[in-house]
Amino acid sequence: MGLVAGRVLVAGEGRGPLLRLDEPISFWGGVDPVSGTIADPRHANFGTSIAGTVLAVPSAVGSSSSSAIMLELLREGTAPAAILLGHADAILSLGVIVGEELGYAGIPILEMPVGELVSFPQGVQLHVSPEGIVTQASS
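Numbering-wise (this note's numbering), the sequence shown opens with residue 18 and increments by one.
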């Protein structure tokens, strides 16, 4: 069972199947907050649901609107269970923080080299601890 640690951007606990994206994603226009699916037809993972996953992505791209989309994902119940970013993104983190202030269930966001997750197979159940430790979830 592997174990990796990340830098906590937003504390929390999450559990779900690993969805590792090889390319950055724009939440504004790239993710449908109602369905929780990748809506950008140019993205390699077009049509894939991020809802309930431990989403590992090199980076988020886009503008300050990413925080609004993250807030909508939380409101709709279609957000990932956790987000692991190769590069910290304050705007995306802000959406989760605002969501928590509004009473929505928050999710952890960690900064970590996405390459550290290659020891985990795509789809494996992961657990993200409040301390920023990522482990394979026990059955």
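C-beta atoms are modelled at their ideal positions from N, C-alpha and C, and glycine is treated no differently.
Here the structure is a predicted model, which is why all the values come from computation and not from measurement.
Where the beta strand (DSSP E) through residue i begins and ends
i    : result
E148 : Looking at the DSSP string, E148 is not in any beta strand (DSSP E), and its letter there is neither H nor E.
E89  : First-last for E89: 82–93, but that is the alpha helix (DSSP H), not the beta strand (DSSP E).
G31  : 31–37
A73  : 71–74
Nearest to residue i (by Cα), restricted to the options the options
i    : options             : result
I108 : G149, V21, G19, S43 : S43
A61  : Q142, V74, G69      : V74
D106 : I126, Y121, A96     : I126
G33  : A56, A68, H104, R59 : A68
A98  : A22, L119, W45, A28 : A28
V115 : L72, V25, E89       : E89
G79  : L91, D57, F63       : D57
V21  : S81, L101, I124     : L101
Nearest-angstrom beta carbon gap, residue j and residue i [assumed within contact, 8 Å]
i    : j    : result
G112 : M129 : Not really, about 19 Å apart at Cβ, beyond 8 Å.
A154 : Q142 : 4 Å
Under 8 Å between C-beta atoms of residue i and residue j
i   : j    : result
S66 : G46  : no
G23 : V131 : no
L26 : S83  : no
I93 : P50  : Note that residue 93 is Glu in the sequence shown here, rather than Ile. Going by C-beta atoms, E93 is nearer than 8 Å to P50.
A96 : I55  : no
V71 : G103 : no
Boundaries of the alpha helix (DSSP H) in which residue i is found, first to last residue
i    : result
E118 : 107–118
Taking 8 Å as the threshold, find out whether the segment 133–144 comes into contact with the segment 29–38 through three or more Cβ pairs.
yes
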